[in-house]
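What follows is one structure encoded as structure tokens, with my remarks underneath.
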Amino acid sequence: LLAATPLGRFGSLRDAAAAVLYLCSPAAAMVTGHVLAVDGGFLAR
Numbered sequence: 001l002l003a004a005t006p007l008g009r010f011g012s013l014r015d016a017a018a019a020v021l022y023l024c025s026p027a028a029a030m031v032t033g034h035v036l037a038v039d040g041g042f043l044a045r
């Protein structure tokens, strides 16, 4: 599974927290109805 992840590492709690902080920030004001995959590029491969 790790070899199939483009970033070459598993995500951490810090990675997930960064996504949550972004979505709660004013920078994400125009983000609506989207699933934000925090998967190290696994879905994009």
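Note that full-length UniProt numbering numbers the sequence shown so that position 6 is 6, with each residue one more than the last. Virtual Cβ for every residue (Gly too), placed ideally from N, Cα, C.
- Per DSSP, Arg45 lies in no alpha helix (DSSP H) and is assigned neither H nor E.
- Here DSSP, grouped into helix, strand and coil, assigns Pro26 to helix.
- Per the coordinates, the alpha-carbon of His34 lies some 17 Å from the alpha-carbon of Ala17.
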